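Report on one structure; see the data block that follows.
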Amino acid sequence: DGFVRNNEGIRADRFSCTVDQNTCECVELAPLPQGLIGRFASMTADANRFYVSAYAEEYGDLVVGVGTFGDEPKWHWVDGLPLGAPVVAGPSGPRGGVSEPGPDVGKYTSIAVDNEGHIHVAYYAVDLGSLHYALGEIDVDGNYQWSTLILDEAGDAGRWASLSLDQEGRPGIAYNVRYLDGISQLR
């Protein structure tokens with residue numbers, strides 16, 4: 148059942164806890180390696196922070212880094228994780244500890260941040276050949292909650308995306324569509 152028990156019946160998760168006769172001590176597993184991040188990147192900044200959208204090559208994921216000037220970004224794993232996959236490494240590390248491959252997404256990113264601090268990203272999903280959009284909204288604890296949408300699946304849509312926001316924070320995206328009726332288009 149994924150658990151171990153000591154002589155006294157104390158139950159502990161076999162992947163993250165050690166049990167001896169007297170104690171049960173839980174420590175987080177080592178994180179997955181981060182791998183290379185940076186291809187297909189886009190960056191923006193406000194008065195306090197910088198924001199980077201990029202492709203995590205080892206996993207084929209869309210990641211967004213948020214940081215203050217002079218510091219390393221904190222990476223958020225936004226899209227590309229398989230649904231329901233088991234956590235096999237430290238959950239506070241890359242991909243929340245999920246090592247199983249998911250869909251290959253996150254190339255040709257473009258990022259913008261609105262006046263509310265919400266992060267908008269347009270990107271290309273390789274496996275589906277489609278344009279995707281991610282929105283990161285800040286919750287009351289200061290953490291980003293991410294939602295993603297598929298915007299265009301016709302042809303091979305989404306390469307070389309360029310995202311901008313109007314004065315009200317509404318996104319507009321220009322991108323390339325290949326192989327639609329035998330031609331390439333800019334939308």
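Going by the working numbering, the sequence shown opens with residue 148, and the numbers climb by one from there.
Just so you know, even glycine gets a beta-carbon here, dropped at the ideal spot from N, CA and C.
If you're wondering where the values come from, they're calculated on a predicted model, not measured in any experiment.
Could you give the C-beta distance for Glu284 and His265, rounded to a whole number, given that I count them as a contact under 8 Å?
Contact flag correct, Cβ pair sits at about 5 Å.
In terms of residues, what are the limits of the beta strand (DSSP E) holding Arg317?
Run containing Arg317: none; DSSP gives neither H nor E here.
Please classify Asp148: does DSSP put it in a helix, a strand, or coil?
In this predicted model, Asp148 has a pLDDT of only 47, less than 50, meaning its place in the structure is not dependable enough to derive any value.
In whole angstroms, what is the alpha-carbon distance linking Leu312 and Tyr322?
15 Å
Which one of Glu263, Asp251, Val260 has the shortest CA to CA distance from Tyr271?
Asp251
State whether the region 227-245 contacts the region 194-214, with contact taken as three or more CB pairs (one from each stretch) at a distance under 8 Å.
yes
If we cut at 8 Å on Cβ distances, does Glu284 have a partner in chain C?
Of the chains in the structure shown, none is chain C; there is only one protein chain.
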